[in-house]
Structures are given as C-alpha cells and as structure tokens.
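Below is one structure; the comments refer to it alone.
Numbering (our numbering), first residue to last: 10 to 222.
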C-alpha cells in the first residue's frame, strides 16, 4: 500500500486499533479461511476460524508491532496463498455447511464472498480516504449481505426489514415489529456495521446498531 512505518502505526477507524492492527487481522483472517477451506476439500474436521478470541487478539496485538515492510509482505503472501486455495472450491457444489464460529454457519461455496466482504469492510477501517460510499457495486452488495447475515436473530439489535436500492431484502434483529430501513448498499452496510451515518437512509433514525469487527 506504500505506507511508511509511522503511517501504519497511526490510528484506524476502529477504536484502539492502528492500521497495523487492521493489516494483521486481515492477514490472520486469510490464514484462517485457508485452513477451513483446506480441511473441507480434504474431508477433514473443519476448525473454527480462530481457536479463541483471546488467541486471535493476542496474535493481532503482536503482529501490529511489525514494520510496514513486514506487514505488506504478510498481506501479500497470505492473500496469494488463500486465493490459490479458493481455486479448489470451483468444483464444489453448494450444500456443505461449516461452522466458522460457535454461532456462524455458512456454506463452503460462500467463503470467497465472505472474504471479499471482510476486505471491503477493513479497507474502510484503514482510514485512507475510502468510505463505504466509495465501494464498487459488487463489494458493497456482498458486504451488505454479510452484515445482514451476522445481524439476523441478534436480540440486542432492533428488529429491522432491510431494503436496498439493488434489490436486497432481509429481516434482521430481534423479535417484534420490524422497521423498514431503505438505502444504497454501501450506506446500509456502513451504518449496520457501525461505520456510517443515516444521511442516505430512510427509516434508520433513532435506531442503534453495534460495531462489527
């Protein structure tokens, strides 16, 4: 990305995390997705993305102390390896579900899209001038689908019916009357993930949503 060491150590959009924390998280996430994919292809027991939140956070903290060159090499190497591993999914049919965490279960063929959503979200978090409104159509739609998936049946999230300009419709949050919230994919994804306001949305006033990582 061409950042200096000082720029990597500057604050990101996520409280308590520098850009180096974000970069390390992206790299470790790539390794985690690769481990899941390889296990499925080999018909082995599929691990969770991370052994525990504590170990994930420890690895991110340690990794954030590296130089900019080390971070860039880590990002490039893990991304390239993951992309090669994802090629093995081309011959797989939908229908094989895996648990990424104790409460997130997805189809194995959706893993590349989930990775795209992670990259889109954390590119915004780097605070390098990109906002959710700048995301191209496909990453914006993919990110919105992933955010809605993570917020389904979450009791702490207000009941909402999400309707996007691109045609996506979803029901998220707890029980009760679901307020309809409408807007562009990027604006909806940004607000629902805690990274954007409600200026381009309708129906979102007075509703609070959590920050997703």
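For every residue, glycine included, the Cβ atom is placed at its ideal position computed from N, Cα and C.
Keep in mind the model is a prediction, meaning the values are calculated, not measured.
query: For residue 210 and residue 196, which I take to be in contact (beta-carbon distance under 8 Å), what is that distance rounded to the nearest angstrom?; result: 6 Å
query: Is it a yes or a no for the stretch 113–122 touching the stretch 59–69, going by three-plus beta-carbon pairs under 8 Å?; result: no
query: Which runs of the alpha helix (DSSP H) at least 4 residues long sit entirely within the stretch 142–181? Give them in chain order.; result: 146–160
query: Under 7 Å Cβ to Cβ from residue 179, same chain only, skipping five residues before and after it: list those, please.; result: 157 and 171
query: Using 8 Å as the threshold, is the C-beta distance between residue 90 and residue 29 below it?; result: no
query: Whose C-alpha, out of 163, 220, 150 and 186, is nearest the C-alpha of residue 202?; result: 220
query: Apply the 10 Å Cβ neighbour rule to residue 52 and answer buried if 16 or more other Cβ atoms are within range, or exposed otherwise.; result: exposed
query: Are there three or more Cβ pairs, one per stretch, closer than 8 Å when the stretch 138–151 is compared with the stretch 182–198?; result: yes
query: Taking only the alpha-carbon atoms, compute the straight-line gap between residue 126 and residue 37 and give it to the nearest angstrom.; result: 15 Å
query: Tell me where the alpha helix (DSSP H) around residue 17 begins and ends.; result: 14–17
query: For residue 131, tell me which candidate among 12, 35 and 16 has the shortest Cα-Cα distance.; result: 35
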